[in-house]
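Numbering (the working numbering), first residue to last: 48 to 349. Ideal placement from N, C-alpha and C gives every residue a C-beta, glycine not left out.
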């Protein structure tokens with residue numbers, strides 16, 4: 048029901064699950080104004096909300112993992128890992144087997160080849176397998192120097208464990224081949240906030256002041272979007288790419304740099320985070336609006 052949470056809360060992330068489920072991450076507006084670390088975790092199951100927990104830490108990402116003991120994985124900024132089952136049961140663990148010595152914090156995550164990949168500032172990066180096996184894949188841990196390459200990662204995505212891309216500040220683009228990280232020659236110098244990988248293996252990244260980059264290892268091109276808004280997230284949807292600013296959605300065709308503004312029938316006032324499934328279902332999560340876009344209709348979640 049619209050307004051269930053938004054009178055006192057703001058949404059931060061939304062994630063599509065299986066069989067009509069969503070997992071939503073929220074913050075209490077009053078606590079957020081006081082900079083209190085917390086995240087409320089809410090399961091939406093075919094029209095019904097279930098408030099699961101409020102953590103004492105700030106979540107950075109939520110992804111669908113579909114493991115035997117978890118449908119969703121919520122990653123905290125300092126490496127907390129909350130595994131959430133389809134029935135709402137939860138287990139809290141930690142992403143790293145041994146906490147890194149370098150200061151940092153997780154900013155984004157993805158599920159690639161059934162494994163959770165988390166990345167963040169300080170060049171933190173870790174892989175968690177369904178059986179609980181952990182691997183620290185931070186560049187310095189694998190012998191790659193990071194000095195002079197900025198503050199670290201903002202987002203990570205991939206086609207496979209041997210083809211990952213992480214992006215960050217100053218246009219940073221890094222590629223991981225399964226063994227080593229390699230900084231890429233980037234066509235932009237603005238913050239890149241999110242990266243996704245299309246089904247064909249091509250990566251797209253978005254960021255500050257309408258920045259949009261696409262390509263593969265060693266081959267990157269900046270799109271001439273003519274947008275001034277910061278772009279916060281991307282999703283592959285209906286044969287193209289959808290980007291979200293805080294004020295709207297923009298669609299990019301694969302053969303055209305020019306964006307097309309997207310209007311939703313429910314006319315939400317806020318946007319921020321996107322998630323998509325099978326190129327035909329889109330979840331738009333803004334501070335005060337969550338909308339599920341299906342092939343034949345829209346569902347206003349809140």
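Residue 87 beta carbon less than 8 Å from that of residue 335
no
Does the pairing of the region 148 to 161 with the region 207 to 219 give three or more beta-carbon distances under 8 Å?
yes
Assuming residue 77 is part of the alpha helix (DSSP H), what are its boundary residues?
76 to 80
Considering residue 230, what are the terminal residues of the beta strand (DSSP E) in which it resides?
228 to 230
Report the residue from 131, 222, 227, 243 whose alpha carbon sits nearest the alpha carbon of residue 13.
Summary: the structure shown does not reach residue 13, with the chain confined to residues 48 through 349, and so no result is reported for it.
State buried or exposed for residue 341, treating a residue as buried only when at least 16 other CB atoms are found within 10 Å of its CB.
exposed
How would you label residue 81, buried or exposed, when you count the other beta carbons within 10 angstroms and need 16 or more for buried?
exposed
Take residue 229 and list the residues in its own chain whose beta-carbon comes closer than 6 Å to its own, dropping the five residues that flank it on each side.
222
Cβ neighbour criterion (16 or more within 10 Å) applied to residue 325:
exposed
As a quick exercise: from 104, 314, 203, 202, pick the residue whose alpha carbon is nearest that of residue 9.
One cannot answer for residue 9 here, as it falls past the ends of the chain, which runs 48 to 349.
Which residue spans inside the region 284 to 331 form an unbroken alpha helix (DSSP H) run of at least 4?
none
Do the region 100 to 114 and the region 57 to 75 meet, that is, are 3 or more Cβ pairs less than 8 Å apart?
yes
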